[in-house]
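Have a look at the structure below, then the notes.
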Amino acid sequence: MICNKENYMKKPFTLFFILIFTIVLASCGAKEYPDIIATMFPQYDFAKQIAGDDFKVSLLVPPGTEIHEYEVTSQDMVKIKKSKLFIFTSLEIDNWIGDVNTIGGDDTIVMNLSEHYTRVPLTYAEPILIPLDEEAIHANTLHFWTDPANAVQLIEAILEQMITLDPSKEDEMRVRAQNYISQINESSNDFTDFMDEGSGMFLGSILYFAGHNALGSFGQRYGLNIISLFEDFKPDADLTSNELIIFTNLVKNAGTHFLFIEELVEPKAARAIQLELSVKYQLNLLELHGYHNVSVEDFEQGVSYKDLLDRNITNIKQVLFESTLL
Numbered sequence: 115m116i117c118n119k120e121n122y123m124k125k126p127f128t129l130f131f132i133l134i135f136t137i138v139l140a141s142c143g144a145k146e147y148p149d150i151i152a153t154m155f156p157q158y159d160f161a162k163q164i165a166g167d168d169f170k171v172s173l174l175v176p177p178g179t180e181i182h183e184y185e186v187t188s189q190d191m192v193k194i195k196k197s198k199l200f201i202f203t204s205l206e207i208d209n210w211i212g213d214v215n216t217i218g219g220d221d222t223i224v225m226n227l228s229e230h231y232t233r234v235p236l237t238y239a240e241p242i243l244i245p246l247d248e249e250a251i252h253a254n255t256l257h258f259w260t261d262p263a264n265a266v267q268l269i270e271a272i273l274e275q276m277i278t279l280d281p282s283k284e285d286e287m288r289v290r291a292q293n294y295i296s297q298i299n300e301s302s303n304d305f306t307d308f309m310d311e312g313s314g315m316f317l318g319s320i321l322y323f324a325g326h327n328a329l330g331s332f333g334q335r336y337g338l339n340i341i342s343l344f345e346d347f348k349p350d351a352d353l354t355s356n357e358l359i360i361f362t363n364l365v366k367n368a369g370t371h372f373l374f375i376e377e378l379v380e381p382k383a384a385r386a387i388q389l390e391l392s393v394k395y396q397l398n399l400l401e402l403h404g405y406h407n408v409s410v411e412d413f414e415q416g417v418s419y420k421d422l423l424d425r426n427i428t429n430i431k432q433v434l435f436e437s438t439l440l
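Each number in the working numbering comes from the position in the sequence shown (counting from 1) with 114 added on.
Encoded structure:
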C-alpha cells in the first residue's frame with residue numbers, strides 16, 4: 115500500500131476543522147434564553163431588582179418603543195415558552211396573549227400582574243379629589259402600576275414567584291426586595307409629607323396632561339387631580355386648525371402655564387398649542403412618566419421605577435411651586 119503523504123498531512127487539518135465546526139453548531143443549538151420575561155418596564159425593573167445576578171431578566175418590548183404600538187414576533191413567543199417565569203401586565207394591556215394557558219412552555223410560570231394587588235384606600239376625598247366618571251375610573255384601574263402603593267404589592271408578589279424558581283436564593287432575594295420597597299416607600303412618604311405641609315396648600319391642585327391619562331391613580335394617592343386635556347386624541351398627531359383652536363382654548367381656560375406630556379411620544383399637539391400661545395404667554399412642557407417603557411438612554415443608564423418616580427415628583431413640585439408665583 116502506498117501512502118500519499120500529502121493526503122496524510124491534510125487529515126489532521128480536516129479533522130480539526132470538522133471539530134471546530136461541530137463545536138460551533140453545538141453552541142448555536144445551546145442558545146441561552148432569559149429566565150424571566152416581562153412585557154413592560156415596571157415588572158422588568160421589579161424582577162431585576164430582586165434577581166441581582168441570580169436570574170437573567172429580559173424586557174420583551176425593546177427600550178425606546180411605545181408599548182401600544184409594539185407587535186410581538188415569533189422569536190418573542192419562543193423566548194416566552196423557554197422562560198421560567200413570564201410576567202405580563204394584564205390581558206387588556208397585553209391583548210395579544212389570548213390564552214394564558216398556552217402562552218408559556220410546560221415549565222413556565224405565567225403571572226398576570228393585574229391579579230396581584232389590592233387597591234389601598236386613598237387618604238384624600240372630596241372636595242380635594244374631583245369625582246371621577248366611569249372612563250376615568252377605568253383608566254386608573256388599567257394603569258394600576260403608577261400608584262407606588264400598588265407597586266410595593268407587585269414587588270412582593272413577584273418575589274414570591276421568583277422564590278419558587280430557586281428556593282436556595284430566598285434570603286438574598288427577600289433582602290433585595292425589601293431594600294427596594296423601602297426606597298420606593300421613602301420617596302412616596304416624602305412626597306406625601308410635602309403635600310401635607312403648609313396646611314395642605316397644594317392639595318387638590320389640578321395638573322393638565324397632554325396624552326392618555328395614565329397617571330390619575332398616581333395623582334389621587336397624593337391629593338392631586340391629573341386631567342387629560344384630550345383623552346381621545348393621539349399626542350403625536352398633527353392638529354387640524356379647528357382642533358388647534360379647541361385645545362388652545364382648553365389650555366387658556368384652564369389658566370395653566372404648564373402642560374405635562376407623556377414619555378416616548380412626540381408631543382406634536384402640545385408643541386402646536388405651545389407655539390399658538392407663545393405670543394401671549396409661555397406654556398412650559400414637562401414630562402410625566404407613565405412607566406410603560408423607558409428610552410434607550412435611560413435603559414442603558416440603569417434607570418429604575420424608583421428613579422422615574424423621583425423624576426415625576428421633581429417635575430410636579432416645580433409646577434406647584436411656580437404656579438404660586440404666577
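Using N, Cα and C, we set each Cβ at its ideal position, and we do this for glycine too.
Sorted by chain position, which residues of the same chain lie with C-beta nearer than 8 Å to residue i's C-beta, five sequence neighbours on each side aside?
i: D280; result: D168, F169
Given residue i, which residues of its chain have a CB within under 7 Å of its CB, disregarding the five upstream and five downstream residues?
i: T438; result: none
i: S331; result: N254, H257, F258, T260, D261
i: E206; result: L256
i: Y238; result: L317, G337
i: I295; result: V266, I269
Could you say which of the options lies nearest to residue i if we only look at CA atoms?
i: T64; options: T216, N226, D304, R385; result: No information on residue 64 is available, as it lies outside the stretch 115 to 440 that the chain covers here.
i: L174; options: L343, A271, F202; result: F202
i: L397; options: N363, R335, P235, F413; result: N363
i: K382; options: D350, G369, I217; result: D350
i: G178; options: F160, V408, Q415, L399; result: V408
i: R425; options: F305, K348, S355; result: F305
Opposite residue i in the DSSP bridges: which residues?
i: F316; result: DSSP, once it has assigned bridges, lists no residue as partnering F316.
i: N398; result: F372
i: F200; result: I151, V224
i: L173; result: A152
i: Y322; result: I341
Determine whether the beta carbon atoms of residue i and residue j lie at a separation below 8 Å.
i: V171; j: I194; result: no
i: H326; j: F155; result: no
i: Q163; j: L268; result: no
i: I430; j: N339; result: no
i: F361; j: Y322; result: no
i: E377; j: H403; result: yes
For residue i, count neighbouring Cβ atoms within 10 angstroms of its own Cβ and tell me buried if that reaches 16, exposed if not.
i: R233; result: exposed
i: H230; result: buried
i: L389; result: exposed
i: M191; result: exposed
i: I251; result: exposed
i: K420; result: buried
i: N264; result: buried
i: M287; result: buried
So, at 6 Å on beta carbons, what are the nonlocal neighbours of residue i in its own chain, with the 5 sequence-adjacent residues on each side left out?
i: W210; result: V186
i: K198; result: D149, L279
i: A384; result: A324, L373, I375, L399
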